[in-house]
Amino acid sequence: MPADLFCWGTTLLYAAVGRAPFPDEERLAHDAADLGPLEGDLRRLVADCLAARPTERPPAGEALLRLIGHSGVLDAILPAAPDGERSPATPTGPFRPPGSRRRRSGVALAAAGTALALVCGGTAYALTPGEAGRTARQVVPPVTVSSSAASSTAASPAGARTAAARASVDAGPGLRRWERPDDPVILTGYHAAADGETPAAYVRLPGGGFEAVGGDTVLTAVSPGGGRLAVLNSLFVAESDHQTIAITDRRTGERFTVAGLAPPYLTQGPQWSRDGNRLLLTVLHWNNEATVQAGFLVIDAVTRRARFTQTANDEDIRAYKALPESLRPVGFFRWTPDGTEVYTRYLTPEQGSGTRFWDLSGRVLRSMHWTGHAVGSGDGFSPSGRLLATTGCASSLATCLWDVATGRRVATVPGAKGGGVITWYDEEHLIVSEPAGAGRERAVVVDLKGREGRTLAEVRTGRKGLAQFSFTPR
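Read in order, the letters of the sequence shown correspond to residues 0 to 473 in numbering that gives the first Met the number 0.
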């Protein structure tokens, strides 16, 4: 049990260094254990066991597996060396920055930005390092539902379908939504300022309704069908020496955590594969000079293992920093429909935006330099997998739809100022986010000619004007 692990961590630390983890009131007040000379994986495990909140401590079984190297394991794949041989995976534990490595010139830097961007339904905002520290201290820890708590509210995805059948007004804090039982997608999460001031992250409960899981830097993702929930704090640096991703099986209430990456790496943009078994995150290399897309992290929820595939090495990062700021866009990695590849935005030789596809080992498969870049905070592919939605292809306010098999554009969807594509509704419609008056944002269904249909949801944005909708296939 979590309480037992707190005692275990205290005992182990005392045996190692001869003192208690909180030798003074100041450390106790700030939950800052003195871990002394402990290093590496053991230091991180003891720190997790001494967390102030029981729900943040790992279960006993997970702690045991971490001790022997079988839980929260983070493998890494680095860019290929000049001779084409791939570097070996790093040892178990949070990935640490590698030394400078070279690779084939054909593998270009995918994309990144000069500030850490949180993509919110087509809107992005930047956080400076100073702001990051202040924000992170106010954020509720990534996991707010323990295994036992989750089991009391857990229900099958069918329960969420029943709740969705009831069109509702004021259906959650700061939220109004209108849903039908035959909708192919449902709203499973959103960011909003329910009080008109302070943004927070909300996630849909399996039995209906929404609950807050943290501040506006907490990211959530519900898998297709509603079976799994992933939660992480995108700005963890003020609270821990590595990022932690918590995954809950909403059918059983079982929860586990994966020890992720250590600074200067951050992960963003969580997206589940269509089968709901693997979580994809974009890895950013962050410092005061620039934020560079460094690769992607895949967490297998079945095996409980994670793998970091690095797509930009030190040489790429230096080349990226030499670019004008206007040529440093932010892009997230996204799954292809069959889950065998990922794709992201990249800078073309013509200094435009294109779409690049990678296999899961980090090898570039193909590039579509003429498409612009993928849009949306959700799945960019249509339900059939035939069409990919991009922007930057015709005008700044248009969305282009491409037949991936042929590379031909099949439709151009007009956009509106202040709006942005979130994801697909069905094969013939998109969901877009757009302003809905002062301090409000709404998600609307549009057809492939840009004609608006139903409003699905509306949230309060507060003074920052930020909102994010997450829609998930039923």
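Virtual Cβ for every residue (Gly too), placed ideally from N, Cα, C.
Mind checking which residues open and close the beta strand (DSSP E) that includes residue i?
i: D313; result: Premise fails: D313 lies in the alpha helix (DSSP H), 313-320, not in any beta strand (DSSP E).
i: T405; result: Segment: none, T405 is in no beta strand (DSSP E) and carries neither H nor E.
i: P472; result: 467-472
i: G294; result: 290-299
i: S432; result: 428-434
i: G391; result: Unbroken run through G391: none, as it is neither H nor E.
i: D446; result: 439-446
i: T281; result: 277-285
By the three-class DSSP mapping on this structure, what secondary structure does residue i have?
i: S308; result: Sequence inspection shows Thr at residue 308; the Ser mentioned does not correspond to that position. Residue state, collapsed to three classes: strand.
i: D47; result: helix
i: R21; result: Rather than Arg, the amino acid found at residue 21 in this sequence is Phe. If DSSP states are grouped into helix, strand and coil, F21 belongs with coil.
i: G452; result: strand
i: P537; result: The displayed coordinates of the chain run from 0 to 473. Any statement about residue 537 would go beyond what the structure contains.
i: E38; result: coil
i: G418; result: coil
i: S146; result: Confidence at S146 is low in this model, with a pLDDT of 32, below 50, so the placement of that residue should be treated as unreliable; the coordinate-derived value is given next. Correct three-state label for S146: helix.
i: E457; result: strand
i: Y13; result: helix
i: A397; result: strand
i: A229; result: strand
According to the neighbour-count rule (16 or more other Cβ atoms, all chains shown, within 10 Å of its Cβ), is residue i buried or exposed?
i: V212; result: buried
i: G208; result: exposed
i: D194; result: exposed
i: P383; result: Checking the sequence, you will find Ser at residue 383 rather than Pro. It is exposed - the Cβ of S383 has fewer than 16 other Cβ atoms within 10 Å.
i: A153; result: Low local confidence applies: a pLDDT of 28 at A153 is under 50, so the model's placement there is unreliable, and no value is given.
i: T10; result: exposed
i: Y13; result: exposed
i: R459; result: buried
i: Q270; result: buried
i: L429; result: buried
i: C399; result: buried
i: S233; result: buried
i: Q467; result: buried
i: A437; result: exposed
i: V144; result: Per-residue confidence for V144 stands at a pLDDT of 28, beneath the threshold of 50, marking its modelled position as unreliable; the derived number appears in the next sentence. Buried.
i: Q309; result: buried
i: L204; result: buried
i: E440; result: buried
i: C6; result: exposed
i: P323; result: exposed
Using 9 Å as the limit for Cβ to Cβ distance, is residue i near chain C?
i: A19; result: Of the protein chains in the structure, only one exists, and it is not chain C.
Length at least 3, wholly inside the segment 232-271: the beta strand (DSSP E) runs in chain order:
243-248, 254-258, 264-271
Curious, which full-length alpha helix (DSSP H) runs of at least 4 residues does the segment 328-384 contain?
Whole alpha helix (DSSP H) segments, 4+ residues: zero.
Uninterrupted alpha helix (DSSP H) stretches inside the segment 162-222 (no shorter than 4 residues)
As for any alpha helix (DSSP H) of minimum length 4 sitting wholly inside the segment 162-222, there is none.
How about the segment 272-291 and the segment 329-337: do they share at least three Cβ pairs that are nearer than 8 Å?
yes
Using 8 Å as the Cβ pair cut-off and three pairs as the minimum, do the segment 442-453 and the segment 348-357 touch?
no
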